[in-house]
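In order, the protein sequence lines correspond to chains A and H. Heads up, the final residue of the first sequence is numbered 368 in our numbering, and it's a clean run with no missing numbers. Heads up, the final residue of the second sequence is numbered 368 in our numbering, and it's a clean run with no missing numbers. Heads up, the beta-carbon is just placed ideally off N, CA and C, and yes, glycines get one too. The structure displayed is predicted, hence computed values, not measured ones. Take a look at the structure below.
Number of protein chains: 2
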Amino acid sequence: MNVAEIKPRLLMGPGPSDVHPRVLQALSRPPIGHLDPQFLEILNDVREILQAVFQTRNRLTLAVSGTGSAGMETAVVDLIEPGDRMLVCVAGVFGSRMLDVAQRAGADAVALEVPWGQVFTAEQVAAALEQQGPFKLVGIVHAETSTGAAQPIPAISRVVHDAGALLLVDAVTSLGGMEVDVDGWDVDVCYSGTQKCLSCPPGLSPITFSPAAEEVLATRKTKVQSWYLDMNMVRAYWGSERLYHHTAPINMVYALHEALRLVLEEGLRARWARHLQQHLALKAGLERLGLRYLADPAHQLPMLNAVATPEGVDEALVRRRLLDEFDIEIGGGLGAHKGKAWRIGLMGESASARHVGALLGALERLL
Amino acid sequence: MNVAEIKPRLLMGPGPSDVHPRVLQALSRPPIGHLDPQFLEILNDVREILQAVFQTRNRLTLAVSGTGSAGMETAVVDLIEPGDRMLVCVAGVFGSRMLDVAQRAGADAVALEVPWGQVFTAEQVAAALEQQGPFKLVGIVHAETSTGAAQPIPAISRVVHDAGALLLVDAVTSLGGMEVDVDGWDVDVCYSGTQKCLSCPPGLSPITFSPAAEEVLATRKTKVQSWYLDMNMVRAYWGSERLYHHTAPINMVYALHEALRLVLEEGLRARWARHLQQHLALKAGLERLGLRYLADPAHQLPMLNAVATPEGVDEALVRRRLLDEFDIEIGGGLGAHKGKAWRIGLMGESASARHVGALLGALERLL
């Protein structure tokens, strides 16, 4: 098969999302060198727009040269030294992944769990911090892509900081599709992915470190275990020193630059409102079809709609027919939800009336 | 600045190299899902063509979701467990980087050094293996991008295997531009980058593991320290299981697919011959200008030409004028060669008579 022969799809899974033609156009510009003054100007822009999107003035804000999972690993390995204590809030697949990453980094990691689809209360986190603390770092996934639940970060942030710990937030699925306020919420390290609500192809992970996190990073006693993800070196390339570390993924940075410009042109608040509006339209339609959401309704994400597959319906067959007959991609359940759920994404360009209408029309015929 | 306003350059530095329009076209196709059957077909193709380009039948052959440095880290962290002994051959910046990566991975790492620009003899490596061994792994950079010297891998491979160690070869700069024969040379793990002689934008790192290396990986006592680069999990996505690990960088894989098709269309041997032919033309021209190569002439790489900046010439000023007045990028010296050398790349699409002619013409006016 030739790439030119690939049939396009409507991307309504858990990411990647559809990409604006302007972003694809930027992606296809001829590369230039990673130390070319023109490219450094693009990098500066990317940092500046990322600060606006993360709502932060953090100096150490950049895009890691890997997907969102590389961002997760960067956040953990840069802040954790062997034996450091970390509390990981687990309410789905991506919380479990963070626990695994922390253990591989040599953390003395403790899991705090709630059933999938539920959220943590600040009281639960405070109790764990008191009973099992002290901890250096607390990690939590803001928008759990496996369940569709949004965790209440501001309240959790207060108890984490009261206990003297740093807060690490995974905003892979939320950034650009709902409020993420790094400075307002006092988040110490926050990372995302490009292929969700930023609507850029997968391959980069925006990340930001608070001054407190930057200080922890700068005063480590041991080297970061990953050379590739060592922000003590990467920041000397993104910063004014412009020291060569690794070759930046030039064309992916082009694409992110254009995707971020589109976010600013729309406006953060308008973008969040659009995600919410399309979510409400989708939800009304899914409920008319008798489908039940898996997450706590009070904490349902707009951009990730996880619903139970109805009794007697072949989960995988419906997804295959959506893809084959309607060119629509949705996701299946992960982990405990495998074979029993669908995950419908409304992310970035895919959060549109056209997408919602096409999917509801197709599901009506298939169910 | 807008990406559309970027002035194109002739890329003649140490990478990225110029990219064929067909590759840019593939890069800009709309993404589809990482589990879409169409995308899985592209992945299978990429693996198959990578096997042809690496000249191997290794089953575990794929593209790591990061740049060449991520490939280096993958090779090391997947084969090394804490305390394992590794001999690292250091003859330039990238050998030093490998030593750093090995130490961060917890290896008991020993450096074997020769002066920059020199090559190792099999006897030197054999002596180190005998006097300081046993070692589990020996690492060496085939084409040292900081000096322009090619290491004699086949002879070194024999002594490494005679000593019962595995051989890790960095082919970031060599693959696609000169012979790299993974099976013929009995290399256990070999990785490259996309942005050198494969002429694809930076962002992926092709890698291949021999059955012996795969066995070491499969029978580890400890988890790979990097979750993102753990090939025990990544191979379950590239393999027939198709288990989700992380979201593949879809569009970069499109681009690599097309770049690899171009390599096969040209033919490996014809491609190596083209690199050599353009190198000889460049070398003759540089010598006419009185420039002196830094590497041992018997082991000069075709695709990376490191020359000393003439006495009294401002190294950085010449590079700046090449960029500003001629839109040509070449590289400066790294490490010990900083401020004293130029590194001229003839990689992939940039290994052309047009590129050589343009650079020699410009240098003639500037020197």
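So what does residue i bridge to, in DSSP terms?
{"i": "D171/H", "result": "V142/H, Y192/H"}
{"i": "P207/H", "result": "A64/H"}
{"i": "R10/H", "result": "None, per the DSSP bridge assignment."}
{"i": "L305/A", "result": "G346/A"}
{"i": "M253/H", "result": "DSSP, once it has assigned bridges, lists no residue as partnering M253/H."}
{"i": "G362/H", "result": "Note: G362/H sits in no beta bridge, so no partner."}
{"i": "A151/H", "result": "A144/H"}
{"i": "E267/A", "result": "E267/A is not bridged to any residue."}
{"i": "E114/H", "result": "V91/H"}
For residue i and residue j, I'd like the C-alpha separation in whole angstroms.
{"i": "M73/A", "j": "V173/A", "result": "9 Å"}
{"i": "D163/A", "j": "G93/A", "result": "26 Å"}
{"i": "K222/H", "j": "E82/H", "result": "8 Å"}
{"i": "V89/H", "j": "K197/H", "result": "23 Å"}
{"i": "V120/A", "j": "M304/A", "result": "17 Å"}
{"i": "L287/A", "j": "V308/A", "result": "9 Å"}
{"i": "A285/H", "j": "L230/A", "result": "41 Å"}
{"i": "K339/H", "j": "N233/A", "result": "21 Å"}
{"i": "A219/A", "j": "A213/A", "result": "10 Å"}
{"i": "S70/A", "j": "A144/A", "result": "14 Å"}
{"i": "L327/H", "j": "G332/A", "result": "Contrary to the premise, residue 327/H reads as Phe rather than Leu in this sequence. Rounded to the nearest angstrom, the two C-alpha atoms are 50 Å apart."}
{"i": "V115/A", "j": "V235/A", "result": "36 Å"}
{"i": "L361/H", "j": "V319/H", "result": "13 Å"}
{"i": "I251/H", "j": "G291/H", "result": "46 Å"}
{"i": "G165/A", "j": "E131/A", "result": "11 Å"}
{"i": "L261/A", "j": "A249/H", "result": "21 Å"}
{"i": "R58/H", "j": "T122/H", "result": "28 Å"}
{"i": "V254/H", "j": "T209/H", "result": "16 Å"}
{"i": "A151/A", "j": "F95/A", "result": "13 Å"}
{"i": "C191/H", "j": "I141/H", "result": "10 Å"}
{"i": "H246/A", "j": "L12/A", "result": "35 Å"}
{"i": "R322/H", "j": "T310/H", "result": "15 Å"}
{"i": "E6/H", "j": "L257/A", "result": "16 Å"}
{"i": "W273/A", "j": "M179/A", "result": "5 Å"}
Would DSSP call residue i helix, strand or coil?
{"i": "N233/H", "result": "helix"}
{"i": "E242/A", "result": "coil"}
{"i": "L368/H", "result": "coil"}
{"i": "G16/H", "result": "coil"}
{"i": "G336/H", "result": "helix"}
{"i": "F136/A", "result": "coil"}
{"i": "V120/A", "result": "coil"}
{"i": "D46/H", "result": "helix"}
{"i": "A166/A", "result": "coil"}
{"i": "H247/A", "result": "coil"}
{"i": "V357/H", "result": "helix"}
{"i": "Q39/H", "result": "helix"}
{"i": "A260/H", "result": "helix"}
{"i": "L351/A", "result": "Correcting the residue identity first, residue 351/A is Ser in this sequence and not Leu. Note: S351/A maps to helix in three-state DSSP."}
Taking the alpha helix (DSSP H) that residue i falls in, what are its first and last residues?
{"i": "P32/A", "result": "Where P32/A is concerned, there is no enclosing alpha helix (DSSP H), given that its DSSP letter is neither H nor E."}
{"i": "L163/A", "result": "For the record, residue 163/A in the displayed sequence is Asp; it is not Leu. Taken as a continuous stretch (DSSP letters only), the alpha helix (DSSP H) holding D163/A covers 154–163."}
{"i": "P202/A", "result": "Note, P202/A: premise wrong, no alpha helix (DSSP H); not H, not E."}
{"i": "P22/A", "result": "22–28"}
{"i": "E180/A", "result": "Element bounds for E180/A: n/a, residue is neither H nor E."}
{"i": "Q125/A", "result": "123–133"}
{"i": "V4/A", "result": "First-last for V4/A: undefined, no H or E at that position."}
{"i": "A213/A", "result": "212–219"}
What residue ranges within the region 49–111 of chain A form continuous beta strand (DSSP E) runs of no fewer than 3 residues, ordered along the chain?
-> 61–65, 86–91
Unbroken stretches of the alpha helix (DSSP H), 4 residues or longer, contained in the region 272–330 of chain H = 316–327
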